[in-house]
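Visitor: Per this note's numbering, the very first residue in the sequence shown carries number 1; after that it's consecutive. Positions of the beta carbon are idealized from the N, C-alpha and C atoms, including for glycine. It should be emphasised that the depicted structure is a prediction, and the values quoted were computed from it without experimental measurement.
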Amino acid sequence: MYRQIKKIILITFILLSFTGCVEREYFDDTGAGPPISGLFKEIQGSISGTLTSEDSPYYVKDHIIVDSSSTLFIEPGVELYFETGKTLIVKGELKAIGERFARIYFLPYRFTWEGIKILSAESETLFRFCFFKGIVSMDPHYYGSILIYGSEVVFRNCYFEKNTAHTGGAIGSLFSTAEVMNVIFNANQSQNVGGAVSAQYSDIKLINNVFNQNKSSSLGAGVIIRNPFRTEIQNNIFFRNFYGNELSHLVYLSPDTTNYIEQYNYIATGNMDPYFISENNFRLIFASPCRNTGNPAPEFNNVDGSRNDQGAYGGPFGNW
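1. What whole-angstrom Cβ distance do Glu44 and Val66 have, given they're in contact under 8 Å?
2. Following the continuous beta strand (DSSP E) through Ala96, name the residue where it begins and the one where it ends.
3. Starting from the C-beta of Tyr252, find all residues in its chain whose C-beta is less than 6 Å away, skip the five residues before and the five after it, and write them out in chain order.
4. Tell me whether Glu279 sits in a helix, a strand or coil according to DSSP, three-state version.
5. Excluding the five sequence neighbours on either side, which residues of its own chain have a C-beta within less than 6 Å of the C-beta of Glu232, listed in chain order?
6. Evaluate Thr30 with the Cβ neighbour count: other Cβ atoms within 10 Å of its Cβ, from every protein chain shown; 16 or more gives buried, anything less gives exposed.
7. Quick check: Phe82 and Tyr105, are their CB atoms within less than 7 Å of each other?
8. Considering Thr125, what are the terminal residues of the beta strand (DSSP E) in which it resides?
9. Return the chain-ordered list of same chain residues with a C-beta closer than 6 Å to the C-beta of Phe242, the five sequence neighbours on each side being excluded.
10. Quick check on Pro108: does DSSP put it in helix, strand or coil?
11. Does Thr164 pass the burial test, meaning 16 or more other C-beta atoms within 10 Å, or should it be called exposed?
12. For Asn208, which option in Asn271, Ser68, Phe185 and Leu247 has the closest C-alpha, if you only look at C-alpha atoms?
13. Count the other CB atoms within 10 Å of the CB of Met181; is the residue buried (16 or more) or exposed (fewer)?
14. May I ask you to report which of helix, strand or coil DSSP gives Phe239?
15. By the three-class DSSP mapping on this structure, what secondary structure does Phe300 have?
16. Out of curiosity, what's the CA-to-CA distance linking Ile285 and Glu79?
17. Just to confirm the assignment: which complete beta strand (DSSP E) runs, minimum length 3, are found wholly within the stretch 46-85?
18. Short of 8 Å in beta carbon distance, which residues of its chain neighbour Thr177, apart from the five on each side in sequence? Order them along the chain.
19. What does a CB cutoff of less than 6 Å around Lys162 pick up in its chain, not counting 5 residues either side in sequence?
20. In or out: Thr112 buried (at least 16 other Cβ within 10 Å) or exposed?
21. Alpha carbon to alpha carbon, how far is Tyr26 from Ser198?
22. Whole angstroms is fine: what's the gap from Asn292's alpha carbon to Ser278's?
23. Considering only the alpha carbon of each residue, which of Gln189, Gly244, Gly315 and Phe300 lies closest to Tyr143?
24. For Ser145, which residues in the same chain have their Cβ closer than 6 Å to its Cβ, ignoring the five residues on either side in sequence?
25. Going along the chain, which residues of its own chain have a beta-carbon closer than 8 Å to the beta-carbon of Thr50, five neighbours each way excluded?
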């Protein structure tokens, strides 16, 4: 009887190994993603519908595409691990909506992956409570680890860490509309301009974000804005963003400032320090100069009704 049970278990394991899943042999649990074990669900090609937390984690074996007229929802807690050189391409509608204690993770399966390309998407793309790491996108024809081209995208309560691109280490926007609120950009880099964010011919809103230790080989190690349609940059913290050996937090390149709002930002120079809790915790200590120094207008107030705190944990969406 014992031998029969043992044989059934062995056969079941073998069958599972060949039903669209792969073993997670390349992931070490020292990474930013949550420690996981067992088998992946394998996905590739055109996808739509819902990626569920029940089926997570997912192994992206080849490019995945949200085609025009298609919709993809990603549930809270889902983890996607991309094979080297593979991307998520969005032409339809994507809603990746995590939760405070159930983030959505976009990570490499081995070492790096190629990022996300949102190309003339038919509907607004939304990322909420998402974590992006390990993207390397060096093709000079594509902007950003996440490329936004001719599309509308919202990022809220997200985290970008250690991503690299030719232009726009984390986000590259071209002929697009992007709203980025309560997002942390940490240790991203660009081989050209825009260590964290590059926007050109775009309508971009950057409110209550942290830009920390991003790097670029040219101007704008934090953010570079070129020939914009409209730009709003408020309540952000810029700290230790370097172009070579020089601080280069924010660069705006346009002779027209009619539609440019830049105010209530903490742009650290010299010995200025926002006093984060730690190197990896970007909440503010009680004595931080960034507390209650953001835009005093009521619509920017913190969750408790007090004046806006600069940085990713201030404002109406800062409780995360």
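Guide: Answer, in terms of the structure:
1. Looking at the sequence provided, one finds Gln at residue 44 rather than Glu. Not a contact, Cβ separation roughly 13 Å.
2. Taken as a continuous stretch (DSSP letters only), the beta strand (DSSP E) holding Ala96 covers Glu93 to Ile97.
3. Only Ile225 meet the Cβ criterion.
4. Of the three classes helix, strand and coil, the one that applies to Glu279 here is coil, per DSSP.
5. So the list reads Lys205 and Ile261, once near-sequence residues are dropped.
6. Bear in mind that a pLDDT of 36 at Thr30, under 50, signals an unreliable position, so the number given afterwards is only what the model happens to contain. With a 10 Å radius around the Cβ and a threshold of 16 neighbouring Cβ atoms, Thr30 comes out exposed.
7. Not a contact, by the Cβ cut-off of 7 Å.
8. Thr125 to Arg128 is the span of the beta strand (DSSP E), which, as asked, contains Thr125.
9. The residues are Lys215 and Ala221.
10. Assigned with DSSP and collapsed to three states, Pro108 falls in strand.
11. With 16 or more Cβ atoms within 10 Å of its Cβ, Thr164 is classed as buried.
12. Nearest option by C-alpha distance: Phe185.
13. Result: buried.
14. Strand at Phe239.
15. Reduced to three states, the DSSP call for Phe300 is helix.
16. Straight-line Cα distance between these residues: approximately 31 Å.
17. Taking only runs of at least 3 residues, the beta strand (DSSP E) segments lying wholly in the stretch 46-85 are 49-51, 58-66, 71-74 and 79-82.
18. So the list reads Ser151, Glu152, Val153, Ser202, Asp203 and Ile204, once near-sequence residues are dropped.
19. Excluding positions up to five away in sequence, the list reads Lys133 and Ala187.
20. Burial call: buried.
21. With a pLDDT of 37 at Tyr26, under the threshold of 50, the modelled position of this residue cannot be trusted; read the value that follows with caution. Per the coordinates, the alpha-carbon of Tyr26 lies some 32 Å from the alpha-carbon of Ser198.
22. Per the coordinates, the alpha-carbon of Asn292 lies some 20 Å from the alpha-carbon of Ser278.
23. Nearest option by C-alpha distance: Gln189.
24. Excluding residues within five positions, the ones whose Cβ falls inside 6 Å are Gly115, Ile135, Ser137, Asn163, Ala165 and Ala170.
25. So the list reads Leu72, Phe73, Ile74 and Glu75, once near-sequence residues are dropped.
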